[in-house]
Every structure is written in structure tokens, then in C-alpha cells.
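Read left to right, the sequence shown gives residues 538 to 1002 (our numbering).
To start, the structure under review is shown below, and the notes come after it.
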Amino acid sequence: MLGVVRRKVASKAASALIQRKAFHTSRAFPAACTAIGDEVLHHPSRSHARNISYQILPGSTSLSRGSKALPSSIYVQLGNRTFCSKNGDLVVAVVPFMGESISDGTLATFLKKPGDRVEVDEPIAQIETDKVTIDVNSPEAGIIEEFVAKEGDTVEPGTKIAIISKSEGASHVAPSEKPSEKADPPAGEKKAEPPKAKVESPAETKVEKPKPKVEASPPPPRRSATEPQLPPKERERRVPMTRLRKRVATRLKDSQNTFAMLTTFNEVDMTNLMKLRSDYKDAFVEKHGVKLGLMSGFVKAAVSGLQNQPIINAVIDGDDIIYRDYIDISIAVGTPKGLVVPVVRNAEKMNFAEIEKEINTLAKKATDGTISIDEMAGGSFTISNGGVYGSLLSTPIINPPQSAILGMHSIVSRPMVVGGNIVPRPMMYIALTYDHRLIDGREAVLFLRRIKDVVEDPRRLLLDI
């Protein structure tokens, strides 16, 4: 009797041992990020599993969750996860708000690659809009898992750009690496050997069929001596326009189609303004920390001209005329990506030093591509200085919704009659393009004459004459 009891106990223990080994040697499989019901919580000190995912084979009994006994006919599949969005390990970088007048943009370039580590607010991509380039920053510190969008895509505010993992131990897959579709085989199973290349015997070698003869095409007709010889297409390159360039092209063409543009010219003797800058440039830099340039003198002259001729600062809106009681001067700046026009606001309240500081700050931002939409919005009058590129004379195009634009040009020493004598003088041509629907020739000429008087004799600004 005692021997029978011992054999029964031994058989039960062996069965439990077999079940435990079957559990621990079960094969792992890659699992997606799902609910807690698909997780496996395994503790080495326990002999059972909770909240498991299981499969019932034909002829076996069912198993409820939390059961402490495992039928021998059940194969337990263990799944592992290194991170899960439901637990907050993953964050998404999205396109930020780009401005009131901008609804979408083009994903220009990625500044990072999948697998790179980024810090909080570190730029990971750039969005090119009609007016400015905007950075997409990382919302959290972590590792870039993948990019959701592609370069060249049109994106809107809130569009997902990248997925970032905050977990330090997250697994990362490089773009060139593809995760294996199948997991490692369980212990004891033989790995499938790669198929050997089949060596064909000479008898099995396929005999190529003779290709049908292709009739030769007739020779192209000879070109006449008068027919132009076009360059080959291989020597041409087709590059898509950037959004900024397309926007500039559209606005300039709309300006040409809308305004009745007319340009008037004058010339300015730069002797006194250049002497003023030469005499006080060192003291000016020492006190204000910025160099004294010619642009501040023309801005002050334009402010004086706009105050004397307020119609130049106005604009047509439907059947009405809007008179602006403020003076915001737009300064055209050429950048590698295109033309931008930052605005010096309330220029009538600024002195020479404040104007120079503001122009330098805006020009640096425009060149670096960090200028904001607000810094380019508005403007009641524009100054364009083509002289920095060597332009001698031009007819600038109005920047809508403004009504006029002043064009500056290069300074050239020319013989001039001064006091009955011919002397060399540094001269500059200036041009004013204006909307003739609103501004008559009289106001335009008087405005340009006022700029000439102030630049040639800056003391008029002090005496207000």
C-alpha cells in the first residue's frame, strides 16, 4: 500500500515538473503594443503565469486567466515589449503653429536621423512656408524611433513628423536594418539551412531562342541649314521651385496686374551724408555699439517724406482709401533662399542708432533663416537697396498691399557742376515706383525731392525744414 502511494506521488511530481519545463522553454514571439491582457508577467520565484496569452489545441481543455495549473496540451507564448505608447514611453513631434496667414508648408529637410538622440526643444526638421522656414522641435528628450512624414510632403499644423522614445533601454532599428520577420527558433529545434544553389548540368542548360529580327528604322530626315540646333536635354536640369520662390513670384505678378505702376527718378549727391558718417563713425560705434551706415539716413529721409506726403503712406481698399497714422518701413533683404522683407516698426519714433540696430538684427535673422512671421507682417512703405549688388538704375515693383517703393542704387563718382565748376561727386540714382491710381505725379515727385534734400543736407532733420 505504501509503495502504491509513493508511485502516485512520484507520477504527479513528474507531471508538474514536465509542465513547469514546458512553460519555461516556451517560445517567445514579437508582440505589438496591446492591452494588459496580452502581457506576460513572469517571476522566476513563481511556478505559474498570470494574464497570459494562450492557444487551445484540439482535444485539450480550456484554461482561465490566473489559473495556477497548465494543461499539458497548452503551448504558452511569451511576448516581450521594451516600450509602449500607452504607458507614455513614446511621444510624437508635430508641426507647430506657423502663423495666422499660413495654413500649410513643405517638409524641406530632416536635421536628424532615426536612432539619433535629441534633447528637449532641439530642432529635428525644417518646414518651408511661403514666407519663412520654421523648425520642428522635439517635445521631449529621447531617441528618434522613426519619421512618419517624408521630405517634400505638404504638412499642416499638428501633422505628425516623428516618433520619439523617452525610454533609455528602447530598442532602435536603423533605417537600413529590417527586423527579422521570424523570431529565434525554440531550443531543441533545428535551424533551417539555407537552400543550396542548384548547379545545372550542361544537359539542363536552356538554349536561347534566336531573337526575331528588328527592322531597322529609317534614318532621321536631314535638318535644313536654317533649322536651329537645340542643346541636348542631358545638359539641362529641372529643379522644383521652393514655396518661398513660388510665393514671391505670385505676389510680384499680382502686383504687376493690379497696380497702375509708374516710376520717377532723381539723383542724390552723397557727399554730406558720407562725410557725416566718416566724421562720427568711431564715436557712434563707441557709444551705440553699432556702425553708422547709409540706410539709417535714407530711412529718416523716407519718414520725413511720408510725413510731408501722407498719400504715399496710404493704400486703396475697395472703394476706400486707408490713411496710416504710423510709419512701418519694410527693408528688402536678399537671402540664399529668396527675398524677404522684414519691417522696422514705428520708424518715426526712432533715432539713427535705433534704426541701425533694428536693421542689423532683422538682416541677420533673415540671412540665418530664423526670422519670424510677425517680423515680416505689415509695413506701409518699402526701401530696396540694389546698390549693394552694384545696380546702377532699376524700376522696383511695389510690395502689396503698399502703394509705393523706394529704390536705392550704387554710388558712382561722376562729374557734376558745383558753383560753376565741374567737380567729381559721389552720386546715386534713386527711383520711386508708385500706384498711379492713388498717387499723382506731383506727390511722387515732391516726395522724391524731399528725400534728395534731406540726404544731401542732413541738418534739415535737426531744424525740421
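By construction, the Cβ of each residue, glycine as well, lies at the ideal position given by its N, Cα and C atoms.
Nothing here was measured: the structure is a model prediction, and the numbers come from that model.
Taking just the CA atoms, how far does residue j sit from residue i?
{"i": "Thr-907", "j": "Asn-936", "result": "22 Å"}
{"i": "Ala-820", "j": "Glu-637", "result": "43 Å"}
{"i": "Pro-660", "j": "Ile-948", "result": "42 Å"}
{"i": "Ala-797", "j": "Pro-995", "result": "33 Å"}
{"i": "Lys-558", "j": "Lys-687", "result": "Unreliable positioning characterises Lys-558 in this predicted model, as indicated by a pLDDT of 41, which lies under 50. The coordinate reading is nonetheless provided below. Cα to Cα, Lys-558 sits roughly 48 Å from Lys-687."}
{"i": "Val-954", "j": "Ile-988", "result": "20 Å"}
{"i": "Lys-804", "j": "Thr-646", "result": "The residue asked about is misnamed: residue 804 is Glu in this sequence, not Lys. Going by the C-alpha atoms only, they are around 46 Å apart."}
{"i": "Ser-833", "j": "Ser-815", "result": "14 Å"}
{"i": "Asp-690", "j": "Glu-656", "result": "25 Å"}
{"i": "Lys-828", "j": "Ala-900", "result": "14 Å"}
{"i": "Val-960", "j": "Leu-813", "result": "20 Å"}
{"i": "Asn-850", "j": "Met-887", "result": "18 Å"}
{"i": "Gly-652", "j": "Lys-874", "result": "30 Å"}
{"i": "Met-487", "j": "Tyr-817", "result": "The requested residue 487 does not occur in the structure, where the chain is confined to residues 538 to 1002."}
{"i": "Asp-1001", "j": "Ser-931", "result": "30 Å"}
{"i": "Gly-923", "j": "Pro-769", "result": "36 Å"}
{"i": "Ala-838", "j": "Val-991", "result": "6 Å"}
{"i": "Phe-835", "j": "Leu-998", "result": "12 Å"}
{"i": "Ala-527", "j": "Ala-941", "result": "A question about residue 527 goes unanswered here, because the residues of the chain that appear run from 538 up to 1002."}
{"i": "Ala-890", "j": "Val-776", "result": "43 Å"}
{"i": "Gly-956", "j": "Arg-986", "result": "20 Å"}
{"i": "His-825", "j": "Arg-774", "result": "49 Å"}
{"i": "Glu-823", "j": "Met-811", "result": "19 Å"}
{"i": "Thr-795", "j": "Met-913", "result": "22 Å"}
{"i": "Gly-978", "j": "Gln-766", "result": "49 Å"}
{"i": "Tyr-860", "j": "Phe-918", "result": "12 Å"}
{"i": "Glu-771", "j": "Thr-872", "result": "30 Å"}
{"i": "Arg-962", "j": "Asp-862", "result": "37 Å"}
Leaving out five residues before and five after residue i in sequence, what residues of the same chain have Cβ atoms less than 6 Å from its Cβ?
{"i": "His-580", "result": "Reliability of the predicted coordinates at His-580 is poor, the pLDDT of 41 falling under 50, and no value is obtained from them."}
{"i": "Arg-951", "result": "Met-964"}
{"i": "Ile-934", "result": "Leu-789 and Ser-792"}
{"i": "Gly-916", "result": "Asp-865, Ser-867 and Val-880"}
{"i": "Lys-703", "result": "Asp-626, Glu-677 and Gly-679"}
{"i": "Phe-984", "result": "Gly-842, Gln-846 and Ile-849"}
Is residue i helix, strand or coil by DSSP?
{"i": "Gln-846", "result": "coil"}
{"i": "Tyr-860", "result": "coil"}
{"i": "Ile-896", "result": "helix"}
{"i": "Ile-611", "result": "Reliability of the predicted coordinates at Ile-611 is poor, the pLDDT of 40 falling under 50, and no value is obtained from them."}
{"i": "Phe-634", "result": "coil"}
{"i": "Asn-888", "result": "coil"}
{"i": "Gly-944", "result": "strand"}
{"i": "Leu-999", "result": "helix"}
{"i": "Met-832", "result": "helix"}
{"i": "Met-807", "result": "coil"}
{"i": "Ala-838", "result": "helix"}
{"i": "Asp-972", "result": "strand"}
{"i": "Lys-703", "result": "coil"}
{"i": "Lys-681", "result": "Inspection of the sequence shows that residue 681 is occupied by Ile rather than by Lys. The answer is strand: DSSP assigns Ile-681 an E or B state."}
{"i": "Phe-796", "result": "coil"}
{"i": "Gly-652", "result": "coil"}
{"i": "Ala-903", "result": "helix"}
{"i": "Ala-569", "result": "Model confidence at Ala-569 stands at a pLDDT of 39, short of 50, so the residue's coordinates are unreliable; what they give is reported in the following sentence. If DSSP states are grouped into helix, strand and coil, Ala-569 belongs with coil."}
{"i": "Lys-770", "result": "helix"}
For residue i, which residues in the same chain have their Cβ closer than 7 Å to its Cβ, ignoring the five residues on either side in sequence?
{"i": "Lys-727", "result": "Since pLDDT at Lys-727 reaches only 46, below the 50 mark, its modelled position is unreliable, and no value is offered."}
{"i": "Gly-695", "result": "Val-631 and Val-632"}
{"i": "Gly-830", "result": "Glu-893"}
{"i": "Asn-809", "result": "Glu-993, Asp-994 and Pro-995"}
{"i": "Val-501", "result": "No answer is possible for residue 501: it lies beyond the span of the chain, which begins at 538 and ends at 1002."}
Apart from the five residues on each side of it in sequence, which residues of its chain come closer than 8 Å, Cβ to Cβ, to residue i?
{"i": "Gln-844", "result": "Ile-864 and Glu-885"}
{"i": "Glu-718", "result": "Confidence at Glu-718 is low in this model, with a pLDDT of 45, below 50, so the placement of that residue should be treated as unreliable; the coordinate-derived value is given next. Answer for Glu-718: no residue qualifies."}
{"i": "Val-870", "result": "Leu-876, Val-877, Val-878, Pro-879, Leu-899, Ala-900, Ala-903 and Thr-904"}
{"i": "Arg-664", "result": "The amino acid at residue 664 is misidentified as Arg; the sequence shows Ile. If we look at Ile-664 and ignore the five residues flanking it on each side, its Cβ neighbours are Val-632, Met-635, Gly-642, Thr-643, Leu-644, Ala-645, Thr-670, Ile-671, Asp-672, Val-673 and Val-692."}
{"i": "Arg-780", "result": "Gly-642, Thr-643, Glu-665, Thr-666 and Asp-667"}
{"i": "Asn-958", "result": "none"}
By alpha-carbon positions, which one of the options ends up nearest to residue i?
{"i": "His-973", "options": "Gln-939, Leu-998 and Ile-959", "result": "Gln-939"}
{"i": "Ile-858", "options": "Leu-975, Val-822 and Lys-650", "result": "Leu-975"}
{"i": "Leu-648", "options": "Phe-684, Phe-835, Gly-923 and Leu-810", "result": "Phe-684"}
{"i": "Thr-643", "options": "Lys-650, Glu-693 and Glu-980", "result": "Glu-693"}
{"i": "Arg-654", "options": "Gln-663, Ala-699, Lys-668 and Phe-889", "result": "Ala-699"}
{"i": "Ser-668", "options": "Asp-911, Phe-802 and Phe-984", "result": "The identity of residue 668 in the sequence shown is Lys, whereas the question assumes Ser. Of the candidates Asp-911, Phe-802 and Phe-984, the one whose C-alpha sits nearest the C-alpha of Lys-668 is Asp-911."}
{"i": "Asp-658", "options": "Gln-846, Ile-701, Ser-640 and Leu-799", "result": "Ile-701"}
{"i": "Val-840", "options": "Lys-650, Asn-809, Asn-883 and Leu-810", "result": "Asn-883"}
{"i": "Ile-681", "options": "Lys-697, Lys-650 and Asn-794", "result": "Lys-650"}
{"i": "Glu-980", "options": "Met-778, Leu-799, Asp-862 and Arg-962", "result": "Leu-799"}
So is the beta-carbon of residue i under 6 Å away from any non-hydrogen atom of the ligand ATP?
{"i": "Leu-627", "result": "This structure does not include the ligand ATP; it has no bound ligands of any sort."}
**Request:** Determine, using beta-carbon pairs with one atom in the stretch 766 to 786 and one in the stretch 909 to 927, whether at least three such pairs fall under 8 Å.
**Result:** When Cβ pairs closer than 8 Å are counted between the two stretches, the stretch 766 to 786 is seen not to touch the stretch 909 to 927, the count staying below three.
**Stretch pair the stretch 668 to 686 + the stretch 627 to 636: three plus CB contacts closer than 8 Å** = yes
**Message:** Three or more C-beta pairs under 8 Å: does that hold for the stretch 841 to 860 against the stretch 890 to 902?
**Reply:** no
**Prompt:** Is it a yes or a no for the stretch 966 to 983 touching the stretch 938 to 948, going by three-plus beta-carbon pairs under 8 Å?
**Reply:** yes
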